[in-house]
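To start, the structure under review is shown below, and the notes come after it.
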Amino acid sequence: MSFEIHRGTNISHWLSQSPARGEQRRQWFTSRDVERIAGWGLDHIRLPVDEEQLWGPEGDTQPEACELLTAAVGWCERFGLRVVVDLHIIRSHYFNDEGVPALFADPAERDRFVELWEDLSALLGHYSTDLLAYELLNEAVAPDAAAWNRTWRAPFDRVRALEPQRTIVVGSNRFNQYQTFPELEIPEDDRLILTFHYYNPMFITHYTAKWWRAGGSYSGPIRYPGRPIPESQHIAIERLRDAGMEAENRAFSRDVMVADMSIPLKIAREAGRPLYCGEFGCYEHTPPDIREAWYRDVALTFRELGIDWANWDYKGHFGLVDSAGNETGVRGWLME
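Using my numbering, read the sequence shown as starting at 324 and increasing by one per residue.
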C-alpha cells in the first residue's frame with residue numbers, strides 16, 4: 324500500500340492555535356466538513372496538532388483532543404480522504420518566536436520531541452499506511468540548517484523503527500522556504516515526502532497581517548504582478564532598504580513562481596521523492612482582484628510543475644470557507 328496525495332486543505336485553528344475547548348472545539352470541524360471537502364474533489368487534509376492540545380504540561384495525554392484527532396482520521400477514512408498529521412507547535416518550538424527555540428538548545432527538549440512522536444505512533448500507528456502520514460514538525464526555525472538536520476533525524480529514525488512502512492513528511496529549515504531546500508539532508512527512504520511552503524511575495528499574501536512583524540504594518544497600495552509596493556511609495560521603499568528587505572519587493576509574476584518552485588522540484592526529482600506544498604495562501608484583506616490573480620497563478624504553477632498541494636486553510640483568514648462556512652471563492656480559483 325502507498326500513501327498518495329495531490330490536492331488538499333489545512334484544518335487550522337481546531338487542534339492547533341486555538342483556545343477553544345469542549346463543544347466549541349467539537350463544532351469547529353466535524354464529519355460534515357470532511358464530507359464537504361471530499362465532495363469538492365480534494366483528496367486529503369493536512370491536520371495541524373499542537374502539543375498543548377494533546378498533552379498537558381506534565382506530558383499527560385488529553386483524552387478529548389486525542390478523541391477528536393482519531394475521530395477526524397475516521398471521518399477521512401469513511402469519505403475517502405487521506406490525512407497528513409502535522410505536529411505544528413510544541414512547547415519547545417514555535418515558528419513565530421524570536422531567538423533560538425529550546426528544541427535546538429536543550430538536549431532534554433530534543434528527547435521530548437522524540438517522545439511526542441512515540442506517543443503519536445502509539446495513538447495512530449494502527450491506521451493503514453495508505454490513509455495516514457506523519458509530518459514531523461511545521462516550519463522549523465533552527466539557528467542553522469545543520470541544527471535542523473540533526474534534530475529531525477531523531478524522531479524520523481524512531482518512527483521508522485516503530486512503523487517501517489509509514490510515510491513521513493519533512494521540509495527544510497526557516498519556515499520550509501524554497502530558498503533553504505538545498506540545505507535539507509535527504510535520506511534514502513522510499514516512504515518520504517518532501518515539503519515546502521509558499522507565501523511569496525509576503526506583501527501580497529500577508530497584506531496588513533499583524534502577526535507578520537517585519538511588514539504587516541504596511542497598508543499602502545500594492546500590486547500583482549510587478550513590484551508589490553509601487554515606486555510611488557518612496558517612504559515605504561526606503562524603509563525596506565534600511566531594513567534589508569528589498570528582496571521582498573522584487574518584481575513578481577508567475578514566471579518568478581515557476582523559477583522559485585523549480586529549486587525544490589529539481590532536488591525532489593533527483594532524490595526520487597514527491598514534492599508537496601503543504602501551505603500556501605493569500606490573506607483575506609488583500610484586495611480581491613490581486614488575491615484572485617495570485618491564486619490563479621499559483622494554481623497554474625502547481626499544475627504545470629506537477630506539485631501536490633494543501634492550501635492554508637479550510638476555514639480561516641485564508642480559507643476556502645469563512646467562519647460561518649460560506650465559500651469565499653478561493654476554491655474556484657484553485658481548482659478551475
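Beta carbons: idealized from backbone N, C-alpha and C, even for Gly. Keep in mind it's a predicted model, so treat the numbers as computed, not measured.
Worksheet item: With 16 as the cutoff for other CB atoms within 10 Å, does threonine 384 come out buried or exposed?
Response: Exposed.
Discussion item. Rounded to the nearest angstrom, what separates valine 437 and phenylalanine 479 at their Cα positions?
Written reply: Answer to the nearest angstrom: the Cα atoms are 8 Å apart.
Practice prompt. Please name the residue in Ala574, Ile560, Phe575 whose C-alpha comes closest to that of methionine 568.
Written response: Looking at the Cα atoms, Ile560 is the closest of the given residues.
Practice prompt. To the nearest angstrom, report how far apart valine 581 and alanine 428 are at their CA atoms.
Written response: Their Cα atoms are separated by approximately 36 Å.
Worksheet entry | From Lys589, Leu370, Trp632, residue whose alpha carbon lies closest to that of glycine 604 | When each option's Cα is compared against that of glycine 604, the closest is Trp632.
Worksheet item: Does the distance from the CB of valine 407 to the CB of tryptophan 440 come in under 7 Å?
Response: Cβ distance not < 7 Å, so valine 407 and tryptophan 440 don't count as in contact.
Worksheet item: Excluding sequence positions up to five away, which residues of its chain have a Cβ less than 6 Å from the Cβ of glutamate 615?
Response: When the five nearest sequence neighbours on each side are left out, the beta carbons in the same chain lying within less than 6 Å of the beta carbon of glutamate 615 are those of Trp656, in order along the chain.
Worksheet entry | Pick from Gly397, Gly648, Val621 that is closest to asparagine 523, judged by C-alpha positions | Here the closest residue by C-alpha is Val621.
Practice prompt. Just the C-alpha distance for valine 644 and isoleucine 334, rounded to the nearest angstrom, thanks.
Written response: Rounded to whole angstroms, valine 644 and isoleucine 334 show a C-alpha spacing of 11 Å.
Worksheet item: Any idea what DSSP makes of asparagine 461, helix, strand or coil?
Response: If DSSP states are grouped into helix, strand and coil, asparagine 461 belongs with coil.
Fill in: Own chain residues within Cβ distance below 7 Å of aspartate 664, not counting five before or after
This structure cannot settle anything about residue 664, because the visible part of the chain is limited to 324 through 659.
Worksheet item: Counting along the chain, where does the alpha helix (DSSP H) carrying valine 581 start and finish?
Response: The continuous alpha helix (DSSP H) containing valine 581 extends over residues 577-594.
Worksheet item: Is the CB-CB distance between alanine 409 and asparagine 472 below 7 Å?
Response: Looking at the sequence provided, one finds aspartate at residue 409 rather than alanine. No.
Discussion item. Give me the DSSP bridge partner(s) of aspartate 513.
Written reply: DSSP, once it has assigned bridges, lists no residue as partnering aspartate 513.
Worksheet item: How would you label valine 423, buried or exposed, when you count the other beta carbons within 10 angstroms and need 16 or more for buried?
Response: Classification for valine 423: exposed.
Worksheet entry | Residues near arginine 414 by beta carbon distance below 6 Å, same chain, minus five either side | These residues qualify, in order along the chain: Glu374.
Fill in: As assigned by DSSP and simplified to three states, the class of alanine 560
In the sequence under discussion, the amino acid at residue 560 is isoleucine, which differs from the alanine named in the question. Helix, per DSSP.
Item to complete: Just confirm the distance between the C-beta atoms of tyrosine 450 and valine 396, as a whole number of angstroms; I'd bet it's less than 8 Å.
Response: Sure, about 6 Å apart at Cβ, within 8 Å.
Worksheet entry | Beta-bridge pairing of alanine 469 - partner residues as DSSP gives them | When DSSP reads this structure, alanine 469 sits in no beta bridge, so it has no partner.
Discussion item. Tell me the residue span of the alpha helix (DSSP H) that contains threonine 393.
Written reply: Element bounds for threonine 393: 386-402.
Worksheet entry | Given histidine 529 as reference, the closest of Trp617, Asp565, Arg433, Pro587 once Cα atoms are compared | It is Trp617 whose Cα lies nearest to the Cα of histidine 529.
Item to complete: Could you check what DSSP says for alanine 477 in three-state terms: helix, strand or coil?
Response: In the three-state reduction of the DSSP assignment, alanine 477 falls in the helix class, which pools H, G and I.
Fill in: Under the three-state DSSP convention, the category glycine 567 falls into
DSSP places glycine 567 in coil when its eight states are reduced to three.
Worksheet item: Helix, strand or coil: which one does DSSP assign to asparagine 523?
Response: If DSSP states are grouped into helix, strand and coil, asparagine 523 belongs with coil.
Worksheet item: Straight-line CA distance for valine 372 to glutamate 602?
Response: Those two C-alpha atoms are separated by around 15 Å.
Practice prompt. Look at the Cβ atom of phenylalanine 498, then the Cβ atom of phenylalanine 519, and state whether they are nearer than 7 Å.
Written response: Their beta carbons are not under 7 Å apart, which means phenylalanine 498 does not touch phenylalanine 519 by this criterion.
Worksheet item: Around the Cβ of asparagine 649, are there at least 16 other Cβ atoms within 10 angstroms (buried) or fewer (exposed)?
Response: With fewer than 16 Cβ atoms within 10 Å of its Cβ, asparagine 649 is classed as exposed.
Worksheet item: Going by beta carbon distance, what residues of the same chain come within less than 7 Å of aspartate 442, once the five residues before and after it are set aside?
Response: Thr384.
Worksheet item: Can you name the residues that DSSP bridges to phenylalanine 603?
Response: Answer by DSSP bridge pairing, in chain order: Tyr521.
Practice prompt. Give the C-beta separation of valine 357 and phenylalanine 402 to the nearest angstrom, bearing in mind that I take them to be a contact with Cβ-Cβ under 8 Å.
Written response: Between valine 357 and phenylalanine 402 a beta carbon distance of about 5 Å is seen, short of the 8 Å cut, so the two are scored as contacting.
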